[in-house]
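Notes follow once the structure below has been shown.
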């Protein structure tokens, strides 16, 4: 059994409204980046891979909102750096999308899969290239991301950057 939980009740059981409120407060801690309180609630028994109704883990929320201390705290307490949400997105792709280089760096330092693709085959490098996040691209490539990887439609990071008009990313990928 994995160390994961979500807010879905077992079949046929209603969720206690107080428990739901408590879970929402824990998710809010991750969104706000309250590393100290996240550490405290995990030490009291909240699973580090707790997931909401969208499948977003505490780590996904902290990563997407750019809270590097909360990300580090969760990872140090057993959060899975590659746990995907219901859309198949990873915390590293969320951080790349938002442009949080220090979060990407922290995830990589704790074993995040640099090539972990979403169901459509899109990698964090492709996401970073689409949004012209060249510093994140450098970091991902330095950790083994493959610039020539293709998504399910056959598009590469260079193709994605081209579609979005990300000129700096295109130049970097042409030189990679």
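Residue numbers (our numbering): 89 to 264. Just so you know, even glycine gets a beta-carbon here, dropped at the ideal spot from N, CA and C. This one's a predicted model, so the numbers in the text were calculated from it and none came from an experiment.
Element boundaries [alpha helix (DSSP H), containing residue i]
| i | result |
| --- | --- |
| residue 250 | 245 to 252 |
| residue 126 | 123 to 131 |
| residue 157 | 156 to 164 |
| residue 112 | 105 to 120 |
| residue 217 | 212 to 218 |
| residue 256 | 255 to 263 |
Contact check, residue i vs residue j, beta carbons under 7 angstroms
| i | j | result |
| --- | --- | --- |
| residue 126 | residue 161 | yes |
| residue 72 | residue 224 | Outside the displayed span of the chain (89 to 264) sits residue 72, for which this structure offers no information. |
| residue 176 | residue 151 | no |
| residue 198 | residue 169 | yes |
| residue 213 | residue 228 | yes |
| residue 215 | residue 184 | yes |
| residue 239 | residue 204 | no |
| residue 163 | residue 118 | no |
| residue 201 | residue 173 | no |
Residue i - DSSP class collapsed to helix/strand/coil
| i | result |
| --- | --- |
| residue 139 | strand |
| residue 71 | Shown here, the chain extends from 89 to 264; a query on residue 71 therefore has no answer. |
| residue 185 | helix |
| residue 203 | coil |
| residue 167 | coil |
| residue 223 | helix |
| residue 192 | helix |
| residue 235 | coil |
| residue 240 | coil |
| residue 102 | coil |
Cβ neighbour criterion (16 or more within 10 Å) applied to residue i
| i | result |
| --- | --- |
| residue 141 | exposed |
| residue 241 | exposed |
| residue 130 | buried |
| residue 137 | buried |
| residue 124 | exposed |
| residue 135 | buried |
| residue 139 | buried |
| residue 116 | exposed |
| residue 256 | exposed |
| residue 248 | buried |
| residue 166 | exposed |
Distance, residue j Cα to residue i Cα
| i | j | result |
| --- | --- | --- |
| residue 146 | residue 253 | 33 angstroms |
| residue 264 | residue 171 | 29 angstroms |
| residue 133 | residue 244 | 42 angstroms |
| residue 111 | residue 102 | 15 angstroms |
| residue 121 | residue 261 | 33 angstroms |
| residue 251 | residue 113 | 39 angstroms |
| residue 258 | residue 158 | 32 angstroms |
Closer than 6 angstroms: residue i CB and nearest the ligand SAH heavy atom
| i | result |
| --- | --- |
| residue 236 | Here there are no bound small molecules, and the ligand SAH is not part of this structure. |
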